[in-house]
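The structure under discussion appears below in the form of structure tokens.
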Amino acid sequence: MSGRARRGRDRGPDAGAEPYERGGWGTYLLLGLFTAVSVFPLLWTAVAASRTSGRLAQSPPPFRFGRNLGRNLSVAWDEGGMGEALANTAVVAGSVALGTVLFSTLAGFAFARLRFRFRGPLLLLVGATLLVPPQLGVVPLYLLIARLGWTDQLQSVVLPSLVSAFGVFYMRQHLLRALPPELLEAARMDGAGTLRVVWHLVLPAARPAMAVLGMLSFVAAWNDFFWPVLALTQTGNPTVQVALTGLGRGYVPDTSVVMAGALLGTLPLLVVLALFGRQIVGGVMRGAVKG
Amino acid sequence: MAEDLVERALPLAPGPPGPPGTGRRRLGRLRSRAAPYVLVAPFFLLFGAFGLFPLAATAWTSLFRVELTAPEAREWVGLHNYARLLTDDFFWNALANTVLIGVLATVPQLLLALGAAHLLDARLRGRLFFRVAALAPYATSVAAATLVFALFYGRDQGMVNWAIGLVGLAPVDWQNGPWASKFAVASIVIWRWTGYNALIYLAAMQTIPHELYEAAALDGASRWRRFLHVTLPGLRPALAFTGLVSTIGALQLFGEPLLFSSGAGASGGADHQYQTLGLYLYEQGWVNLHLGRAAAIAWAMLLLLVVLFGAVRLARVARGRRARR
Amino acid sequence: MGRRNGTPRRTGARPRALALLLAAALLGGCADDPPVPPPAGSGETVDGAGRPVTLTVGVYGTFGLKEAGLYDTYMRLHPDVAVRQTSLARADVYYPQLLTHLTAGAGLADVQAVEVGNIAEVVDTQAGRLVDLAHAPGVEENAFLPWKWAQARTGDGRVLGLGTDIGPLAVCYRKDHFAAAGLPTDREEVGRLWAGEWRKYLETGRRFAARAPEGVAFTDSASGVMAAVISGARLRYYDAEGRLVVAANPAVRAAWDLGAAFAEHGLTARLQQFTPDWDQGFAHGRFASIACPAWMLGYIQDKGGPDGKGKWDVAKAPRPGNWGGSFLVVPAAGRHVEEAAELAAWLTAPAQQAVLFERRGSFPSAEAAFGLPQVRGARHPYFGDAPVGRIFSAAAMGVPVAPVGPKDGLVNTILSDTGMLQVDQTGRSPESAWRAAMKAIDNALDR
């Protein structure tokens, strides 16, 4: 970004940067509307999850909570497999976030501050894959994990997700700014080995970006859809999205149970969002990941 | 090309890109010459296995007739799978749907996000609340969001038809209507991503110096004109970035149309009216069991993106030349 | 909270990282299951030291074996065997996964269910990966309907699947709605309304429509009628030589035309089968009759709920037909192939098939079960104590034996969900929808 921009009020997105305009009542009204539209489908998911499917099939739709929430949640948890699915998803999203952050930081550092053969071409190669739709690789990937006997195994979802071209770029960009060459030069003069440099200089400097990348990767992995639906099955280690797909396309459970499943699958992220809203808003504003 | 695009577009990409040519401080001198390779190795191992290998293997697979019933029994067909795409009405239908739904989803989404960001970029009480609430849809998964919206759009008992009935309009068949269904699918995408994009725009807006606004205000510019002439130009990188990401996302659209109807599955509606390319690929591979044809669709999708971004880039270069003249 | 301008500029990395850690911990804590459950494949327990063998049965939908308590009985009879079931809701999701698992030789259950629409393809392409059950202990060829036995037999005489149930056809109808429209309600009289010809079912529908109660259609969907008519044809989508004849077969076209006639006369509730809306159609009595194979009775009972009890009844279908039915196969890659074959043989033996019919309504594919009192004398309390044993036995005996083909399931789906659904729901002309369906079939079958 240009120097002009940096002379601006770049005080960090979650800090109290003071905007130029003052919000009038019109602003509040429109923002209120925007917020209502953003939140309503989620609220209504909870309403629907507390009703019976018979009531959901009547018009006008219900707007108040019913008394079936407990029953629907427990059916979704047990028969819909949402309990197991939540545990699986936590494992998958946690591993993906940790792994992505680790590998992207190391590679990002190397691309930002180290010189090696094919650095340019390799970076270009990684960048080019940003354009590649995830659908592109699924056929051979599917055959590969089938051959490895990994269908229904969580690693079939975790390992491919660790490859984040965005992560490498993002960490590289951050380290270009946060890790001045002088610092590394000084460390080298002191005779520090690569491992020590990484541990004592790179990781501390990268930490804010690592947190952001970890958060974005976690959400992306939690909500990842296309590949898990192919690689996992409802009966073998489903993630939340796989289990929900099963509920949504199945003819066994009823609509209110499907809504209870949707609620269960979304609630953890919403709770985290409510608790760490400031950090997550800051994270999104610092970097963006495709979803 | 992609590297370039992303570097230019990352909203908060700080400073000029690295100093590859600035000579003096060569960091390759860190102790071991192998160190850089060790650091990038884990990434590239995975990248090779799960990034490049599938890419190449898809290209290879697309040259065969391969069925899911017996993937090891493949029959060489050369470019037949591609050639038949040219005359495959279902492919062109899926392509048109992808583009239409993509436009229906992306344009309103980014405009709404721009408006929301502008609203958020004001001194407000409860600012954090508004921002967090805007992210709630982003935290909601494709599956959960689509299942709820599918209920909203129910033909007989859906909330949307109930609401438009209140205003005295006739109910709409959101599943079967060729336009209605595309709009409905697009609306799920809009809902999920508007707040997220708004925050990206907001971040970019906050880097615009106050002095520019003040100067504009001194010139007597209205709030609207200040938005048009100060805010928008400052957002150009962020606009490019969100445009890029949304376009890629639109081309890959899959979960929303798959789950939009519990009865349609991969067909994208009785008349394939909202079948996207991603969904068609899935149908060919995992319903019709033709993996070779699915692989060819996958490569066609990549080709489309490359052509699309190539065209954008050419247009830009051409405009740059004209401007310089 | 947004206005605290005094907030230090750097809310900093440490708190944020901490937040993420906490978040991860919180999420991990949400579920009380162990993080990585054991794989769902074949039994984990080893049978070496007298420990029990665990056998898994992979099914789709509500298959009924578990619901009928058959696994429990088996475990009582075999204390050294534990039986578990894994179930996928939809057959169209289940089947591709079964194929991949067979290809990979991993992720398989010890016994897997296969729908009749897929059995020919399984026999054609997966023979090498499945166990020959013809001579497994407890299997008696003579017990099965000959055509059911033959459907899972390869050219060289191996039998890869044992029939569980078949889908003899009847018509389920709501007595209250029939009475309101001035039609008879007694099942014998109702059966006579359309005996011998599906066209009479249409005529009854038009009579019904003339005096129909508000908001009640005669039948659920045009696709349902079409499927029922096709189920009585001697030739369906493939001929005896295995050639696809769907476009040229007059029987298919006749079924199509009749289904379309229901749509065009507005006699359907315009629902799609096996969707939540359809379920609600049962719950709220939105249609007065439906062509029902035996296995649908349990479904109607589940979705119709207590309110529907006594309102439904079962009458003979215009013509006998067979709609659906399933098989059990044993993958050769399983760890306990012999035990699995024994289980499959037991589950499909006449006595157990009779129990499945008695408790769930899935009609036996074992001819030897037809005479058992549980079958012959069965009455269904939900359907006004209709003598379902007698009705479905009679229907089963009259079923014409049609050749099955590898893509039967896919053709079925396209004819219904791409073709007839449009005639029914969007008013597309039958001719144009037929062409669309034929085109989709050609594309799907790669012709």
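Residue numbers (my numbering), protein chains in the order written: chain W, 1 to 291; chain L, 292 to 616; chain F, 617 to 1063. In this text, a Cβ means the ideal position worked out from N, Cα and C, and glycines have one as well.
About 4 Å separates the CB atoms of residue 352/L and residue 586/L; that is less than 8 Å, so the two are in contact. For residue 751/F, the secondary structure class from DSSP, reduced to helix, strand or coil, is coil.
For residue 938/F, the uninterrupted beta strand (DSSP E) run begins and ends at 938-945, by DSSP.
Residue pairing by DSSP puts residue 932/F in a beta bridge opposite 786/F. In this structure, DSSP gives residue 731/F an extended state, which the three-state scheme calls strand. Less than 8 Å separates the beta-carbon of residue 212/W from that of residue 283/W. Residue environment for residue 802/F: exposed (fewer than 16 other C-beta atoms within 10 angstroms of its C-beta). Under a criterion of Cβ atoms nearer than 8 Å, the residues of chain L adjacent to residue 1038/F are, in order, 467, 561, 562. Residue 698/F and residue 490/L have their C-alpha atoms some 55 Å from each other. Collapsing the DSSP output to three states places residue 581/L in a strand. A distance of 8 Å or more separates the beta carbons of residue 1021/F and residue 797/F. Taken in chain order, the stretch 524-607 of chain L contains no complete beta strand (DSSP E) segment of 3 residues or longer. No Cβ-Cβ contact shorter than 8 Å links residue 923/F with residue 889/F. Within the stretch 141-160 of chain W, the residues whose Cβ lies closer than 9 Å to some Cβ of chain F are 142, 143, 145, 146, 147, 148, 149, 150, 151, 152, 153, 154, listed in chain order. Per DSSP, reduced to three states, the secondary structure at residue 233/W is strand. Using a CB distance below 8 Å, the part of the stretch 876-903 of chain F facing chain W consists of 890, 891, 892, 893, 895, 896, 899, 900, ordered along the chain. At a cut-off of 8 Å between C-beta atoms, residue 768/F does not count as an interface residue with respect to chain L. The beta carbons of residue 898/F and residue 832/F sit about 12 Å from each other, so the pair does not count as a contact at 8 Å. Looking at the backbone, the Cα of residue 110/W and that of residue 196/W are separated by about 14 Å. Residue 723/F carries a coil assignment under DSSP once its states are collapsed to helix, strand and coil. Nearest CB-CB separation between residue 220/W and chain L: not below the 8 Å threshold.
A check of alpha carbon separations from residue 966/F across 670/F, 677/F, 986/F identifies 986/F as the nearest. Chain L has no Cβ within less than 8 Å of the Cβ of residue 279/W.
Not one beta carbon of chain F lies nearer than 8 Å to the beta carbon of residue 432/L. For residue 945/F, same chain residues with a beta-carbon under 6 Å away, outside a window of 5 residues either side, are 728, 730, 746, 776, 777 in chain order. Here residue 856/F carries a coil assignment [DSSP, helix/strand/coil]. Secondary-structure assignment with DSSP links residue 672/F through a beta bridge to 700/F. Bounds of the beta strand (DSSP E) holding residue 906/F are 903-909.
Closer than 8 Å to the CB of residue 712/F there is at least one CB belonging to chain L.
None of the residues of the stretch 971-999 of chain F has a beta carbon lying less than 8 Å from any beta carbon of chain W.
With a 10 Å radius around the Cβ and a threshold of 16 neighbouring Cβ atoms, residue 751/F comes out exposed. Residue ranges of uninterrupted beta strand (DSSP E) with 3 or more members are absent from the stretch 337-400 of chain L; none lies entirely inside it.
Annotation: residue 220/W to residue 433/L spans about 11 Å, alpha carbon to alpha carbon.
For the stretch 17-92 of chain W, the full-length alpha helix (DSSP H) segments reaching 4 residues or more read 25-49, 53-56, 69-78 along the chain. The beta carbon of residue 491/L sits closer than 8 Å to some beta carbon of chain W. In the displayed model, residue 972/F falls within a helix according to three-state DSSP.
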